[in-house]
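See below for the structure under consideration.
Protein chains in written order, with the UniProt record's numbering: chain Y, 1 to 361; chain G, 1 to 361.
Okay, here's the thing in structure tokens:
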């Protein structure tokens, strides 16, 4: 469900792994184990080894603003964008965080003004990612507070704001632009590009924003490592984000940074060695898996007159070098008008095994 | 320096690694690389390997309140307390966090009351760990705020409070008990036992508190992994701490949890196999290194009439099976009265190489 409002939509995750033992579809937030099989096939190539005496320090041997960021990870991430072409990485500061939530909150901290008399409003266009409100408000900060739907936000009445632009958007899969009318230049933007990878959506151009972030979880499926990173144009913002992460957790797991760097490096090497003809390389594999899951889901939904799914146009994907459709990691499932709460309706419904298998196997 | 007050004390870290290239002593917070050499000698025994397809999920296959806590880590931590005997671990919930700061803030969140009209005061007896005030206040939360020196706290005037009891205390190395007079039962306690390990202080009895936490950084020196854990008696508090970590970073690096479990397991195996006669086992090694550093430091300070160091009594250490002295990872260095700021004085002083070597080599 989106935000705190009732709705006749529900989110179905398409990025979970096998659910053979579950009696119903799990409508909890997705756990992106969908790509596990790919990494299993890679075998020893992507095995990471860490000697007991390595990575013991809080610090990293780096000249970065983000003092706990491993240089191997910087190199790997820069290489990844050069291969995929989904973001401008030159002249950007890299800030690494523990998962998407820490980086989101670091951005809120960096873009709010401690000396301000009242908290700055944080908004996003509905339907927005269901966790944004709680992630913003759980500590009842005087720096920022959740302000709801960006489309309803009135700058004349409510003043300064931070707009979160999630693109492709979770839950509806649409590509997004900012929506708040900012006549007086009171707005600051955060671009949450967690799903802007070729397995989920066509890469139409390199994203080029002041503050944008990505996550290892969604890029390769390694959610357990909790690695997200931000690309930040303004040095002062990068410094403040680093300060937040320093105060929040005194850095980010070096083990996970190291593993992330190794896995990204492997992924890039495949492309650099063989080019885009490598049909078993990660993003092609991921794109095929997601296409297959969407095909299965659309087949099942097509047999029902209760549900419908959003439709997406083909676009040319610069990375795949061919037209492709969005295959979001989630489906924004719409119920007929008379069903007030699509989530409860689904939970109460006894799926036959054949149908469940069409979703998950 | 302690808190925000000026003082004629300064903290010198004794847990840093070699500083051969530094022209002066680094008075920044310590980086506990002191035990790197031990882990280097362990070689392949403590090397950790992670296949590319492992540890990909957000979740852990666990029945714990803390749903992202790896079962291997639970077993390892319980085994560690059985070996060292420094805390009661039975009938406690384990909550894992990213570093000490996340667990500290999770505890503040869990012990404060969202519905309360005003923030609860967080206090600790001076001299307290210099980061507590900033860690408490950087988000300007309405849930809690820093209240200063616990010895000055008046419950009649100021009401409910959370007292942080850091024992052994950073910076002065003393064992601590709560100090606020709590006639009306308005207080809640957090026991920060980061340094309650046999290399730093005699283990006199198993700590037995409602909410106590420890850290992998200080236990073995692996600060880069950012693993801290809390032992929590009250289920509801453990649930709320887990909620905080979920909202803050959606769990904790599985790679680091896995590595922590393996290293602790190795450490415990040595003790279980050979008992306490193993003079090269980790805690004995650590205790010898710290004793040697304190001897060198006391030799140097003894030659000066400007500085003095705290003295500590011997106590029987149940773990080592013999009397031992505290050897804190930091030294609470006192300057003569006429020196107003010991830190600035030290920074401005040109150390001769011979003296520096006495500290660091």
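Virtual Cβ for every residue (Gly too), placed ideally from N, Cα, C.
Open item on the list: Could you tell me the alpha carbon to alpha carbon distance between residue 51 (chain Y) and residue 223 (chain G), rounded to whole angstroms?
Closed with: 14 Å
Task: Per-residue DSSP class, three states only, for residue 35 (chain Y) - done: helix
TODO: Assign residue 349 (chain Y) to one of two classes, buried (16 or more other C-beta atoms within 10 Å of its C-beta) or exposed (fewer than that).
DONE: exposed
Task: In DSSP terms, what residue 190 (chain Y) is bridged to - done: Y:164
Open item on the list: Distance check for residue 56 (chain Y) and residue 36 (chain G), CA to CA, integer angstroms please.
Closed with: 7 Å
TODO: Check the Cβ-Cβ distances between residue 268 (chain Y) and every residue of chain G, and say whether any is below 8 Å.
DONE: no
Task: Per-residue burial, residue 217 (chain G) [other beta carbons within 10 Å of its own, 16 or more giving buried] - done: buried
Open item on the list: Suppose you measure from the CA of residue 79 (chain G) to the CA of residue 333 (chain G); what does that come to, to the nearest Å?
Closed with: 36 Å
TODO: Just the C-alpha distance for residue 301 (chain Y) and residue 293 (chain Y), rounded to the nearest angstrom, thanks.
DONE: 12 Å
Open item on the list: Contact criterion: CB-CB distance below 8 Å. Does residue 358 (chain G) meet it with respect to chain Y?
Closed with: Residue placement at residue 358 (chain G) cannot be trusted, given a pLDDT of 28 that sits under 50; the coordinates are not used to answer.
Open item on the list: With a threshold of 8 Å between beta-carbons, can residue 192 (chain Y) be considered close to chain G, or not?
Closed with: no
Task: Minimum C-alpha distance to residue 210 (chain G) - residue among G:93, G:121 and G:66 - done: G:93
Open item on the list: If the criterion is Cβ atoms closer than 8 Å, does the pair residue 285 (chain G) and residue 81 (chain G) meet it?
Closed with: no
- [ ] Could you check the C-alpha separation between residue 173 (chain Y) and residue 296 (chain Y) for me, to the nearest Å?
- [x] 17 Å
- [ ] May I ask which residues mark the beginning and end of the alpha helix (DSSP H) holding residue 241 (chain G)?
- [x] 235-249
Task: Pair within 8 Å by beta-carbon distance, residue 251 (chain Y) and residue 321 (chain G) - done: no
Task: Runs of alpha helix (DSSP H) lying entirely within the region 29-98 of chain Y, each at least 4 residues, in chain order - done: 36-42 and 71-84
Task: Euclidean distance between Cα positions of residue 121 (chain Y) and residue 127 (chain Y) - done: 17 Å
Task: Chain-ordered chain Y contacts of residue 156 (chain G) [CB-CB under 7 Å] - done: Chain Y residues near residue 156 (chain G): none, gap ~26 Å exceeds 7 Å.
Open item on the list: On the DSSP letters alone, give me the boundaries of the alpha helix (DSSP H) that residue 132 (chain Y) sits inside.
Closed with: 132-137
TODO: Measuring alpha carbon to alpha carbon, tell me which of G:319, G:308 and G:347 ends up nearest residue 337 (chain G).
DONE: G:308
TODO: Pair every Cβ in the region 234-244 of chain G with every Cβ in the region 105-124 of chain G, then say whether three or more of these pairs are closer than 8 Å.
DONE: yes
Open item on the list: Once DSSP output is grouped into helix, strand and coil, what is the label at residue 317 (chain G)?
Closed with: strand
Task: Per DSSP, the bridge partner or partners of residue 332 (chain Y) - done: Y:11
Open item on the list: Could you compute how far the alpha carbon of residue 4 (chain G) sits from the alpha carbon of residue 242 (chain G)?
Closed with: With a pLDDT of only 30 at residue 4 (chain G), under the threshold of 50, the placement of this residue in the model should not be trusted; the figure read from the coordinates follows. For residue 4 (chain G) and residue 242 (chain G), the distance between alpha carbons rounds to 31 Å.
Task: Opening and closing residue of the beta strand (DSSP E) in which residue 228 (chain G) lies - done: 227-232
- [ ] Measure from the alpha carbon of residue 315 (chain G) to the alpha carbon of each residue in G:205, G:97, G:151 and G:178, then state which is nearest.
- [x] G:205
Task: Residue-chain proximity (residue 33 (chain Y), chain G), Cβ-Cβ < 8 Å - done: yes
- [ ] Could you tell me which residues DSSP puts in a beta bridge with residue 207 (chain Y)?
- [x] Y:87
Open item on the list: Buried or exposed for residue 363 (chain Y), going by 16 or more other Cβ atoms inside 10 Å?
Closed with: Residue 363 (chain Y) lies beyond the range of chain Y shown here (1 to 361); nothing can be said about it.
TODO: Taking only the alpha-carbon atoms, compute the straight-line gap between residue 327 (chain Y) and residue 214 (chain Y) and give it to the nearest angstrom.
DONE: 18 Å
Task: Per-residue contacts from residue 58 (chain Y) into chain G (C-beta, under 7 Å) - done: 31, 223 and 224
TODO: Can you check DSSP and say which residues form a bridge with residue 288 (chain G)?
DONE: In DSSP, residue 288 (chain G) forms no bridge with anything.
Task: Span of the alpha helix (DSSP H), counted from its first residue to its last, around residue 158 (chain Y) - done: 155-158
Open item on the list: Can you confirm whether residue 98 (chain Y), when its beta carbon is compared against all beta carbons of chain G, has any partner nearer than 8 Å?
Closed with: yes
Open item on the list: Using the Cβ count rule (16 or more neighbours within 10 Å means buried), how would you classify residue 207 (chain G)?
Closed with: buried
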